Amino acid sequence: MQTDKDLFELIKETYPLNPREEFVSATSKKLRQSARKLNNKRRIKLFSYVSSSIAICAIALTCFFIYGGKDTEQEGIFSSIAMKKDPIIYIYQTHNFESFFTKSNMNDPAEALHETDNITLVGEKLSQSLIKKGIPTIHDKTNIMGILKEKGLSFNDAYTISREPLKSTLEKNKSLKMVFDIHRDSRKRNETTIEINGKDYSRTVFVVSRSSANYEENLKFAELLDEKIKGKFPGLSRGVIVKDNPTSRDTYNQDLFGNSVLLEIGGVENTLQEEYRTVDILVEVIEEILKEKEI
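If you number the sequence shown the way the UniProt record's numbering does, the last residue is 295 and the count never jumps.
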């Protein structure tokens with residue numbers, strides 16, 4: 001595209017050739033018209049840029065005043081927390097080999113174990129779903145059963161092994177608000193399953209140890225979760241179970257932290273798809289509790 005300078009240089013170079021006066025006049029007039037058109041285009045382009053900038057600023061200011069500078073729903077209610085990456089939820093699986101009949105090819109609940117297709121997948125689903133909601137979560141995948149086998153320890157030592165990573169994480173992350181130890185039950189399918197809107201869901205149950213020094217706080221937390229779930233889908237939660245054995249000091253590691261609960265999702269006869277559906281409901285409940293600052 002010709003510039004103003006190019007056009008006027010062309011005019012200047014034309015005169016020394018001594019053409020006819022009429023030709024010089026006509027050519028000069030035509031070139032000046034071209035120059036004016038070029039300037040007009042530039043003005044229009046500049047006006048377009050200025051207008052667009054003003055419009056964008058106006059839209060931005062309008063949005064600010066309408067929303068008052070608050071986060072929208074799509075941004076997530078925990079966006080500021082997520083940016084800081086301070087973990088709020090800790091998830092682990094003490095009996096990480098607990099699996100399902102559909103994955104273990106076993107018919108005995110005690111033998112329905114699997115090294116990879118197990119309850120850890122449910123913990124991972126919960127963790128990832130929370131993170132997508134903007135809720136920073138730590139999912140501990142320590143192979144507890146593998147460590148027991150390696151050290152020649154018994155199944156009863158599982159909580160001793162899972163205690164160490166939990167304790168270490170709590171010491172390093174004072175921002176944590178909830179701790180979940182995920183399990184699956186060994187009960188029959190008719191006890192661990194409920195149909196909601198034509199689809200099967202794994203039922204939940206919350207287990208709290210009375211032996212823990214945090215018993216009252218943990219019980220309140222479990223009852224809150226149970227109440228919220230039942231409020232959304234009556235029957236989805238089987239309730240809260242308090243383990244009270246005077247001959248046992250097993251706290252399920254709940255003595256390390258308040259708002260800590262052993263969460264059983266479904267049973268050995270449930271499928272992963274049914275487990276995941278329930279996890280989606282649980283995520284809604286956790287998000288609601290945090291949003292309302294109920295803990």
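Backbone N, C-alpha and C fix where the C-beta goes; we use that ideal spot for every residue, glycine too.
What you are looking at is a predicted structure, and each value in this text was computed from that prediction instead of being measured.
Residue i, enclosing alpha helix (DSSP H) - first and last residue
| i | result |
| --- | --- |
| residue 148 | 144-151 |
| residue 141 | No alpha helix (DSSP H) contains residue 141, which DSSP labels as neither H nor E. |
| residue 123 | 119-132 |
| residue 281 | 272-291 |
| residue 226 | 215-232 |
| residue 264 | Careful: residue 264 lies outside any alpha helix (DSSP H), inside the beta strand (DSSP E) at 260-267. |
| residue 103 | 101-104 |
Coil, strand or helix - residue i by DSSP
| i | result |
| --- | --- |
| residue 184 | strand |
| residue 251 | coil |
| residue 210 | coil |
| residue 238 | strand |
| residue 193 | strand |
| residue 171 | helix |
| residue 256 | helix |
| residue 176 | coil |
| residue 164 | helix |
| residue 98 | strand |
Beta-carbon spacing of residue i, residue j below 8 Å
| i | j | result |
| --- | --- | --- |
| residue 299 | residue 210 | Given a span of 1 to 295 for the chain in the structure shown, any question on residue 299 remains unanswerable. |
| residue 259 | residue 281 | no |
| residue 263 | residue 138 | no |
| residue 169 | residue 140 | yes |
| residue 267 | residue 185 | yes |
| residue 92 | residue 166 | yes |
| residue 265 | residue 122 | yes |
| residue 135 | residue 88 | yes |
| residue 236 | residue 204 | yes |
| residue 114 | residue 125 | no |
| residue 283 | residue 133 | yes |
| residue 206 | residue 261 | yes |
| residue 143 | residue 96 | yes |
Buried or exposed by the 16-neighbour rule on C-beta atoms within 10 Å, applied to residue i
| i | result |
| --- | --- |
| residue 254 | buried |
| residue 160 | exposed |
| residue 119 | buried |
| residue 155 | exposed |
| residue 293 | exposed |
| residue 226 | buried |
| residue 175 | exposed |
| residue 232 | exposed |
| residue 56 | With a pLDDT of 46 at residue 56, under the threshold of 50, the predicted position of this residue should be treated as unreliable, and no value is reported. |
| residue 109 | buried |
| residue 218 | buried |
| residue 98 | buried |
Through-space distance from residue j to residue i, alpha-carbon basis
| i | j | result |
| --- | --- | --- |
| residue 279 | residue 85 | 22 Å |
| residue 105 | residue 112 | 7 Å |
| residue 117 | residue 94 | 15 Å |
| residue 197 | residue 277 | 12 Å |
| residue 179 | residue 274 | 22 Å |
| residue 212 | residue 147 | 25 Å |
| residue 192 | residue 151 | 34 Å |
Endpoints, the beta strand (DSSP E) within which residue i is located
| i | result |
| --- | --- |
| residue 91 | 89-92 |
| residue 199 | 199-202 |
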